[in-house]
Amino acid sequence: MDLVGTLILVSALVCYVLALQWGGISLSWGDSKVIGTLVGFVVLLAVYAIVQWVQKERAAMIGRLFRRNVVVMMIYIDLLAGTFFLLVYYLPIYFQVVSGVSAAQSGIRNLPLILAQSVSTVISGVTLSKFGYPQPFLLVGGVLTAIGSGLLYTLEVNTGSGKWIGYQLLAGIGIGWCFQIPVVTAQASVAPEDLPSVTAMVLIFVSAGQSAMVNVLLKNLRSETSTVDAVKVAMTGATELRQKFSSAQMPFILTAYMNGLQAAFLVAVVASSVATVVCLATRWIKFSGQTTAVAAA
């Protein structure tokens, strides 16, 4: 197990997340802390690359496993995981802030996305075992996710329940349809003895994709809430805004949150669209058994 490499990578991601949380919100982008964390992120990534090269077969990222399908699947799952994280994180905020429901109620309203994703994952797994070719699953899942994210981007303050339920179902079906495919595709591209290593390599990019999507919403608060303390808004819980701010201030705050949410959903649209394009570079394979693949004719 590559404990040293894992520690360095986690440290790099922490620096990255801190820089995004501070920059333009509680601290200016020119602040020494923000610059320091960004520099630390880059330096730690460079150190991580060196450590992986030095450790060779003991590394989490084994150089000889960077084959075409493995690299494509890493990029794909990074983008898809980022998309899923954005939707899971920001949709409850939409329900709590814009619709004014409690945290528990917002979780219930988020169920269409989660349930659709779960059911779709099971169905795609069964279907893939019969069909054998993973590429159409990657493509169809990416397209459905992009369309669903695009529809969620159109959400407004007064959007009806029929729309946000339907949009979540579509996005959830798309994500579930392709979420497990990158792992099994990467596994099918290497020898059996390399399965643990290549699985870990792909899953690392799931975490990286989630970390890369933080703080999209809060960057809009400072520009939109000119009459309100943006830092105070950012630090106030989504369910407490109506208790902490006056009715005269809430329209500005709702506008800021809605613009921020749309920015987050737009990132999801772009990420899932890019993932769809990236999957076209996958070498066509057909599964022969659970973890073996042969080139398609």
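Positions 356 to 652 (our numbering) are the ones given, in order, by the sequence shown.
Yeah, the Cβ is synthetic: ideal placement off N, Cα and C, and Gly gets one too.
Computed from a predicted model, the values in this text were never measured in an experiment.
A Cβ-Cβ distance of about 6 Å is found for the pair glutamine 490 and tryptophan 639, placing them in contact under the 8 Å criterion. Residue Met429 holds the alpha-carbon nearest to the alpha-carbon of alanine 630 among Val453, Tyr444 and Met429.
Glutamine 535 sits close to threonine 476, with the two beta carbons spaced by under 8 Å. Taking a C-beta distance under 8 Å as the contact criterion, threonine 540 and leucine 435 do not qualify as a contact pair. In the DSSP assignment, glycine 487 is bridged to no other residue. Around valine 359, the same chain offers Val406 as residues with beta carbons nearer than 7 Å, after the five sequence neighbours per side are excluded. Comparing alpha-carbon positions, the option among Val425, Pro467 and Thr509 lying closest to proline 537 turns out to be Val425. For valine 633, the uninterrupted alpha helix (DSSP H) segment begins and ends at 605-633. In the DSSP assignment, lysine 388 falls within the alpha helix (DSSP H) that extends over 387-410. Distance between cysteine 634 and proline 447, taken at the CA atoms: about 30 Å. Considering only Val632, Phe620 and Ser381, the residue with the shortest C-alpha distance to leucine 442 is Phe620.
Counting the other CB atoms within 10 Å of its CB gives threonine 392 a total of 16 or more, which places it among the buried residues.
Burial is judged here by how many other beta carbons sit within 10 angstroms of a residue's own beta carbon; leucine 362 has fewer than 16 and is exposed.
Counting of Cβ neighbours within 10 angstroms places isoleucine 463 among the exposed residues, the total staying below 16.
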